[in-house]
Amino acid sequence: MRTLLRSLKNHQTLVSARSFLRYLSSIVFPRSRSPSMDPVPEFDPLEPSVPVSYPIKELEDLKSRSYFKSFHYPFNRASVELPPGSVAAPDRGRILVCHDMAGGYLDDRWIQGGGNEGAYAIWHWYLIDVFVYFSHNLVTIPPPCWTNAAHKHGVKVLGTFITEWEKGRAICDKLLSTKESAQMYAERLTELAASLGFDGWLINIEVNLDAGQIPYLKEFVSHLSQTMHSTVPGSLVIWYDSVTINGDLSWQDQLNDKNKPFFDLCDGIFVNYTWQEDYPKLSAAVAGDRKFDVYMGIDVFGRNTYGGGQWNTNVALDVLKKDDVSAAIFAPGWVYETKQPPDFQTAQNRWWGLVEKSWGLVQFYPKVLPFYSNFDQGHGYHFSVDGRQISNNPWCNISLQGFQKNLLGMLRDYFLELKLREPAMAFHESEEANGPILDNSGNSSTNTIKVLVNFEEASYSGGANITFKGNLKKNASFMMRLFQGELPLGDLPVFITYSVKSKPGSLLGLSLKFISEGNNETSFLLASSDTDQFADEFDKVIVPHEAQNLKDDVVPMAPGWIIQDSSIMMKGQTLTEIRILCYNPKHQSENTESAPDTSDYYASLGHITIRRSSQNPIFPSANSWVVNGQNISWSSGSQGTKTLSINIVWSLVGRHDKLFSGYNIYFDKVKSNVNGTPEKIGETKYLGVARVKAFYITKLVVPAGTSSLRFIIQVCGADGTCQTVDSSPAMLLAVQD
0 MRTLLRSLKN HQTLVSARSF LRYLSSIVFP RSRSPSMDPV PEFDPLEPSV
50 PVSYPIKELE DLKSRSYFKS FHYPFNRASV ELPPGSVAAP DRGRILVCHD
100 MAGGYLDDRW IQGGGNEGAY AIWHWYLIDV FVYFSHNLVT IPPPCWTNAA
150 HKHGVKVLGT FITEWEKGRA ICDKLLSTKE SAQMYAERLT ELAASLGFDG
200 WLINIEVNLD AGQIPYLKEF VSHLSQTMHS TVPGSLVIWY DSVTINGDLS
250 WQDQLNDKNK PFFDLCDGIF VNYTWQEDYP KLSAAVAGDR KFDVYMGIDV
300 FGRNTYGGGQ WNTNVALDVL KKDDVSAAIF APGWVYETKQ PPDFQTAQNR
350 WWGLVEKSWG LVQFYPKVLP FYSNFDQGHG YHFSVDGRQI SNNPWCNISL
400 QGFQKNLLGM LRDYFLELKL REPAMAFHES EEANGPILDN SGNSSTNTIK
450 VLVNFEEASY SGGANITFKG NLKKNASFMM RLFQGELPLG DLPVFITYSV
500 KSKPGSLLGL SLKFISEGNN ETSFLLASSD TDQFADEFDK VIVPHEAQNL
550 KDDVVPMAPG WIIQDSSIMM KGQTLTEIRI LCYNPKHQSE NTESAPDTSD
600 YYASLGHITI RRSSQNPIFP SANSWVVNGQ NISWSSGSQG TKTLSINIVW
650 SLVGRHDKLF SGYNIYFDKV KSNVNGTPEK IGETKYLGVA RVKAFYITKL
700 VVPAGTSSLR FIIQVCGADG TCQTVDSSPA MLLAVQD
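In structure tokens:
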């Protein structure tokens, strides 16, 4: 320890004692690492390789715009735009989440997805307004998977620009040498955000500066804010509470006259996390009518943070909520990195439940049409499309997340099943105004139904279902809120489709709540059978009709899934709530006295879609697309095999393609038969998912005897429907002799 202190002594001319202690803490008490949390190896970004996200480490690379020459640049562009209703900042306290984990760019760096089914992810977007991707590199560019998932849920995404230590001081000497230099680098950052599809920057200058550099720093912040606002509507530039207007690296832990000049030039301040209890109120007074632009930091690792972070993060959140400012939660990956028991899923939901209990929901779904969710968390052990399992390999890809049910209901179900200490108290506490949300209708207080995102059972779409399992009493039912929405219906009908798989005697329906302009509530039940028992509980009961799933010759649909279709016309009303109703057939409840008081229950909900049309979209014909191969590389293997690397790109001729949410990629092996005509060898194989119109394949082994390969691009719509594989665009590639 003494040797370490002596070796770092010279740094103190540039870095304060607090920064030194941060560094010391990271060495003496390092965060735990999982096997998947390896740093990004050095690579040549100009050479074709598996697409990855990576930061910009050198100021010269930012200046030269070398990032845009990278092979990986097109893959790093986010494909999901922020919904129009989420562009303006809400006029209330907000939650900013700053993701900092082991240097960043871990499993999330693999743009086309990785193989770690246990990779870290956040799926609690309904509790977040702004997401910051943070690392200690000069320019931290958010991997597109985070932007895609966040934008889907109405959450803005920021990258990070940070200077620290001696290198950071040298960077600032160049950055802040002239007004023109400050403006040029600001424009480079704006170009990156606009080109890659994210929403702004967190600026963290953690070095001492000369007084003469401050005017140029102010110009940098001001010009960055102006260019971002003019280029990306609704964009944000957030200043971190670090260097002061005097040039001193001195964290203020509040908004005051030493950092307010920077606050005045941008969209908000991320206040350092070692504030005292009265600092939020003092900061709000300084901010005036911009109090919601003050984001008070909370370090989840608990390093000198108010309340201690960790499982007491809500202590700080409660203070911020009371004082009517915003919160900036730093490093919520603490749950994952420190392996909180009993497992990541349970601990993650429990921790975010603290946030929800303190702050309430900040995002509401559905809000726009079409609305589609398969409840995917962006990882799993298998992958399905339209009820057909096309892969049984483990995977992770945050880009593929679907809208999630609220988690406090899940937490409460966890208490129900495990019968933890004082569960009744825990349930009572979760039934707050915005807290979900577990209501049991009828005489169901003794029911035991667990609700879980089920990764084990074959899914209808993606890698997960919502499963309800346990037991129900006679004449009882179980109701749970799935989504709390703000969807105006207008003058046209909406069509609702959902998939269910259940055991005999386990029925599942959807309950919908609407509100009129006069605040009158109406409730509908969509249920397939035995609905008479609910006639007095809902204003209207609709029996859906069973729909036919699209036929596909590639993979048969898994048995058990039933697709239910309904239409509803509620002119001028707003859909505010979707609930799940679990119940038993009435005749089952009316059996003889010898029948048991309870019966086993098991049902899964695979997806839900709400849209304007009753028909699946008509996809462009295969010949409307142009599919090409680039960067083709062949090598020879043993026993006559070949190995192929190729970048497949495609485009739609003469039509708008923003209606498509993604593309599933497959390939066939083809040989020439005795007549010289092509013949398919074996089954069609799934390769992965693309969110941009390109997919890179590396080291694909081609068996001897294969004459050509057929690559298939299955187009998928925003409502969750996909073109059949046999009618999808494709490319035929001859195997090199």
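Quick note: the sequence shown uses numbering that gives the first Met the number 0, first residue 0, plus one each step. Yeah, the Cβ is synthetic: ideal placement off N, Cα and C, and Gly gets one too.
The three-state secondary structure of Cys721, taken from DSSP, is strand. Residue Leu580 holds the alpha-carbon nearest to the alpha-carbon of Ser510 among Lys472, Leu580, Glu516. The criterion of a C-beta distance shorter than 8 Å is satisfied by Lys570 and Asp490.
Under the three-state reduction of DSSP output, Lys257 falls in the coil class, being neither helix nor strand.
In the structure shown, His378 falls within a strand segment according to DSSP collapsed to helix, strand and coil. The beta strand (DSSP E) runs lying completely inside the segment 242-325 and spanning 3 residues or more are 267-270, 293-298, given in chain order.
Judged by DSSP secondary structure, Arg91 falls outside any beta strand (DSSP E); it is assigned neither H nor E.
Buried is the label assigned to Ala717, since at least 16 other Cβ atoms lie within 10 Å of its Cβ. With respect to Leu157, Asp90 sits apart: the two C-beta atoms are not nearer than 8 Å. For Arg349, the enclosing alpha helix (DSSP H) starts and ends at 343-358.
Counting only the Cα atoms, Asn313 lies some 12 Å from Gly296.
Under DSSP, Arg387 takes part in a beta bridge, and its partners are Val384. From the listed residues Asn519, Glu520, Pro543, the smallest Cα separation to Thr530 is found for Pro543.
In the same chain as Leu525, and ignoring 5 residues on each side of it, the C-beta atoms closer than 6 Å to its own belong to Gly508, Leu509, Ile541, Pro543, Ser565, in chain order.
Between Gln182 and His222, the gap from beta carbon to beta carbon is short of 8 Å.
Three or more beta-carbon pairs separated by less than 8 Å are not found between the segment 40-53 and the segment 662-678, which leaves the two stretches without contact.
Per DSSP, Val334 is one residue of the alpha helix (DSSP H) stretching across 333-336.
The secondary-structure analysis by DSSP pairs His544 across a beta bridge with Asp564. Your pair Gly379 and Phe269 does not check out as a contact, with CB atoms roughly 34 Å apart and the cut at 8 Å.
Checking the DSSP bridge columns, you'll see Ile140 has no partner listed.
Here Thr177 is exposed: its Cβ has fewer than 16 other Cβ atoms, across all protein chains shown, within 10 Å. Between the C-alpha atoms of Gly112 and Ala534 there is a straight-line separation of about 47 Å. If you check the CB distance, Trp200 and Thr159 come in under 8 Å. In the DSSP assignment, no residue is bridged to Gly504. For Ile631, the closest C-alpha among the options Ser613, Tyr601, Leu699 is that of Leu699.
Within its own chain, the residues whose Cβ lies closer than 6 Å to the Cβ of Lys500, once the five positions on either side in sequence are excluded, are Gly559, Trp560, Ser603, listed in chain order.
A distance below 7 Å between beta-carbons, with the five flanking residues on each side excluded, links Leu651 to the following residues of its chain, in chain order: Pro619, Ser623, Trp624. Using a C-beta cut-off of 8 Å, the segment 69-81 makes contact with the segment 679-696, since at least three inter-stretch Cβ pairs fall below that distance. Annotated as distal: Pro44 and Val138, with beta-carbon spacing of 8 Å or more. Distance from the CA atom of Arg690 to the CA atom of Ser78, rounded to whole angstroms, is 6 Å. For Leu643, the three-state secondary structure derived from DSSP is strand. Around the C-beta of Val673, fewer than 16 other C-beta atoms lie within 10 Å, and the residue is accordingly described as exposed. Per DSSP, Ser194 is one residue of the alpha helix (DSSP H) stretching across 178-195. Within a 10 Å sphere around the beta-carbon of Trp633 sit fewer than 16 other beta-carbons, which makes this residue exposed. Per DSSP, reduced to three states, the secondary structure at Tyr125 is helical. For Thr230, the enclosing alpha helix (DSSP H) has its first and last residue at 213-230.
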